[in-house]
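Remarks on the structure that follows.
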Amino acid sequence: MRDFSWYKGRKVLLTGHTGFKGTWLARMLVNSGAVVLGYSLNPPTDPALFDMAGLEGKMTSVIGDIRDYDKLLKTFTDFEPEIVFHLAAQPIVRDSYKDPRYTYETNVMGTVNLLECVRATDSVKSVLNVTTDKVYLNEEREEGYREDEMLDGYDPYSNSKSCSELVTHSYKRSFFDPMLANGDRFITVSTARAGNVIGGGDFANDRIIPDSVRAAAAGKKLEVRNPYSVRPYQHVLEPLAIYMTIAMEQELDPKYQDYYNVGPDDCDCVTTGTLADMFCEAWGDGFAWENKSEANAPHEAGFLRLNCDKIKKTFGWQPTWHIKEGIGKTVEFSKVWLAGGDIPAEMDRQIGEYLSQLKF
Ligand SMILES: NC(=O)c1ccc[n+]([C@@H]2O[C@H](COP(=O)([O-])OP(=O)(O)OC[C@H]3O[C@@H](n4cnc5c(N)ncnc54)[C@H](O)[C@@H]3O)[C@@H](O)[C@H]2O)c1
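Convert by adding 8 to the 1-based position in the sequence shown; the result is the number in this note's numbering.
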């Protein structure tokens, strides 16, 4: 089992800490003994996992815009982080069609701002930029995409993340390797391209699991817009454990810095209808879904399968929780929440259980 006690006493700056993945990551880092500072806008949803995760007093939370370079730089300068995780983003495809400019400003210039701050802060040793599986030019093919294939996401969200990748590649080559032309000093940098995640505490609009929890809580049927489209699903702790692994291992040995796909196995790539079936079964109480396909929905790229040979070979990574366990954990969490239970305790129970079963 991987030992994250390496993080004990390490200073970690995490952007996007008020979001779904960021809150779970903050809780994992805090549990590992890291000294954590988060930089983000206020939580993107109401209710929000961040507001119930019991992190107050356990980490520093700075509310700021990633587009505000001066504020971000001051935060870096004051805190002097050693490890940086970049998760802050406008991450919703439909919202990116509504406001492409904001999406690009946040996701592309946000990455530029972050890497400029990294450049200006001597304490930083390890950086991980979290992008997405949607960064590739989607040729709607069966075969999985490898890390060296063309980056050209279709919609503004996906495309802005392709750009975020390219920005990272250039900064890495241009500034973070002293052997190269303009290299300032050596900083290890990786990107991780993960797919859709599920888990307790996601309250976003336009995502199937939050929609399912809302419908079940309201005693209504779940309306499924695209029941036949196949998508990859991972429990949220799956990519987070590998993010922590990459940031740790690359600092220990720079040969590990790279661009990594982090996708589920084929058995966890299912139609939205199958996912809805599995959720309804796990929820029980007669909860059911209905087909509500939309005729004029904005274009959503078809299924994009990742080839994850690199991350498997490099770190021995493999999924610990498959889709059934992931849905089960989501339902358990949601029922604790609906019953007004102890959310920090439930998060720690799930994190502890997951880490004790970790398969790499
Ligand atoms: N959830 C998924 O299925 C999924 C899949 C692949 C990749 N990702 C990536 O993981 C990261 C986190 O996603 P999430 O699902 O937790 O999203 P989320 O919407 O729950 O959280 C986004 C976070 O970014 C912050 N943010 C947004 N705009 C900002 C701005 N202008 N300045 C500062 N902070 C800002 C929000 O405050 C929040 O903390 C994103 O980079 C996303 O692209 C998510």
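Beta carbons are placed, not taken as given, at the ideal position from N, Cα and C, and that holds for glycine.
Unbroken alpha helix (DSSP H) runs of no fewer than 4 residues, entirely contained in the segment 146-188, are found at 164-183, following chain order. Looking only at Glu113, Gly27, Leu366 and Pro89, the smallest Cα-Cα distance to Ile250 is reached by Leu366. Pro186 sits exposed, since fewer than 16 C-beta atoms from the chains shown fall within 10 Å of its C-beta. Here Gln265 is buried. Its C-beta has 16 or more other C-beta atoms within 10 Å. Distance between Val244 and Leu188, taken at the CA atoms: about 37 Å. For Cys275, the number of other beta carbons within 10 angstroms of its own is below 16, and it is reported as exposed.
Remark: C-beta atoms of Pro99 and Tyr153 do not approach each other more closely than 8 Å. With fewer than 16 other beta carbons inside 10 angstroms of its own, Leu260 counts as exposed. Nearest neighbour of Asp59 by Cα position, chosen from Asp86, Thr26 and Lys142, turns out to be Thr26.
Beta bridge pairing from DSSP links Arg239 with Val278.
Closest in C-alpha terms to Ile91, from the list Gln358, Asp350, Ser198 and Glu302, comes Ser198. A contact is defined here as three or more CB-CB pairs under 8 Å, and the segment 76-86 fails this definition with respect to the segment 100-116.
In the pairwise beta carbon analysis, the segment 223-232 is classified as not touching the segment 349-364: fewer than three pairs are separated by under 8 Å.
Taking the Cα of Val143 as reference, the smallest distance to any Cα among Thr129, Met158, Val43 and Thr196 is reached at Met158.
The Cβ atoms of Asn146 and Leu312 lie closer than 8 Å to each other. Taking C-alpha positions only, His330 is separated from Val205 by approximately 11 Å.
Distance from the C-beta of Asp73 to the nearest heavy atom of ligand 1 is below 7 Å. Listed in chain order, the beta strand (DSSP E) runs fully inside the segment 291-343 are 297-299, counting runs of at least 3 residues. Under the DSSP definition of a beta bridge, Phe58 lacks any partner. Within 7 Å of the C-beta of Ala97 there is at least one heavy atom belonging to ligand 1. Excluding residues up to 5 positions away in sequence, Ile206, Gly207, Gly208 and Ile217 lie with their Cβ nearer than 7 Å to the Cβ of Thr338 in the same chain. Taken atom to atom, the span from the alpha-carbon of Gly41 to that of Phe295 is near 40 Å.
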